[in-house]
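Notes to accompany the following structure.
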Amino acid sequence: MYLVPLHDALRRLGQSAISNFQYNQTVEKSLVENATSSPPDLRILLGILTLPDQYERRHFLRLIYGTQSTVGAQVDVKFVFCNLTKEDQQVLVALEIMQYNDIIILNCKENMNRGKTYTYFSSLPEIFDDPEGPNPPYHYVMKADDDTYFRLNNLVESLKPLAREDLYYGYVIPCPSMDPFKH
454 MYLVPLHDAL
464 RRLGQSAISN
474 FQYNQTVEKS
484 LVENATSSPP
494 DLRILLGILT
504 LPDQYERRHF
514 LRLIYGTQST
524 VGAQVDVKFV
534 FCNLTKEDQQ
544 VLVALEIMQY
554 NDIIILNCKE
564 NMNRGKTYTY
574 FSSLPEIFDD
584 PEGPNPPYHY
594 VMKADDDTYF
604 RLNNLVESLK
614 PLAREDLYYG
624 YVIPCPSMDP
634 FKH
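The numbering used here puts the first residue of the sequence shown at 454, with every later residue one more than the last.
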């Protein structure tokens with residue numbers, strides 16, 4: 454059996470990811486050129502909070518969200534986590550970013566209940582500050598965990614008639630009843 458040194462395998466994998474990245478950019482550019490010049494009626498950012506080491510879970514979610522289509526709406530699914538702390542994360546996540554361009558890395562220490570959600574929402578204006586892009590870049594921004602699944606078309610249809618400013622859409626905690634069918 455012949456073993457390839459890890460750095461050689463990563464180099465080859467990186468070259469493959471770069472060629473796929475260039476292909477994806479070409480495909481995306483042609484799709485943009487063929488699309489109408491006006492932005493979609495509804496733009497939604499779904500930020501999925503996860504951990505850097507959850508590679509398989511991200512791949513699974515990419516597959517299932519990739520099978521859904523939404524008419525008249527753009528739904529961007531991005532994976533959100535804090536700074537990378539291990540060398541293997543830095544290499545593998547960089548390859549994921551080159552391949553999929555669907556990861557947001559926040560400047561924070563990885564945590565579950567100590568400000569990660571706040572850091573996510575407060576970082577968005579800076580992340581999506583593009584004077585050349587649509588204004589606003591998204592009509593709705595959302596946060597979900599990586600164990601949550603959205604039916605994107607149902608989500609889009611439920612948001613279309615609602616206000617696009619000062620809207621909270623979700624589960625309120627604390628809630629007078631933990632029964633989802635009451636109040």
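Ideal Cβ positions, reconstructed from N, Cα and C, are used throughout, including at glycine.
What residue range does the alpha helix (DSSP H) around residue i cover?
| i | result |
| --- | --- |
| D541 | 540-553 |
| L519 | Before going on, a small fix: residue 519 reads as Gly here, not Leu. Note, G519: alpha helix (DSSP H), 508-519. |
Is residue i helix, strand or coil when you go by DSSP?
| i | result |
| --- | --- |
| K569 | helix |
| L608 | helix |
| F532 | strand |
Specify, as a first and last residue, the run of the beta strand (DSSP E) that residue i falls within.
| i | result |
| --- | --- |
| Y624 | Unbroken run through Y624: none, as it is neither H nor E. |
Counting only the same chain and skipping the five closest in sequence on each side, list residues whose C-beta sits under 7 Å from that of residue i.
| i | result |
| --- | --- |
| D583 | P590 |
| N477 | Per-residue confidence for N477 stands at a pLDDT of 44, beneath the threshold of 50, marking its modelled position as unreliable; no derived number is given. |
| P493 | G525, A526, Q527 |
| D553 | As written in the sequence, residue 553 is Tyr, which differs from the Asp given in the question. Closer than 7 Å at Cβ, skipping near neighbours: R515. |
Please name the residue or residues paired with residue i in a DSSP beta bridge.
| i | result |
| --- | --- |
| E498 | Just to set this straight, residue 498 is Leu in the shown sequence, not Glu. D529, V594. |
| I580 | For I580, which the question treats as bridged, DSSP gives no partner whatsoever. |
Got a sec? Which residues, its chain only, sit under 6 Å from residue i by beta carbon, not counting five neighbours each side?
| i | result |
| --- | --- |
| I501 | F532, A597, D599 |
| L498 | D529, Y591, V594 |
| R496 | Q527, Y591, H592 |
| Y518 | V530 |
| I550 | I556 |
Using C-beta distances below 8 Å, list every residue in its chain close to residue i, excluding the 5 sequence neighbours before and after it, in chain order.
| i | result |
| --- | --- |
| L559 | V533, F534, C535, N536, K569, T572, Y573, S576 |
| T503 | R510, R511, F532, V533, F534, D598, D599 |
| K604 | What sits at residue 604 in the sequence shown is Arg, not Lys. Within the same chain, R604 has close Cβ partners Q521. |
Taking only heavy atoms of the ligand GTP into account, decide whether any of them is closer than 7 Å to the Cβ of residue i.
| i | result |
| --- | --- |
| N560 | Judged by which ligands are present, the structure shown has none, so any question about the ligand GTP falls away. |
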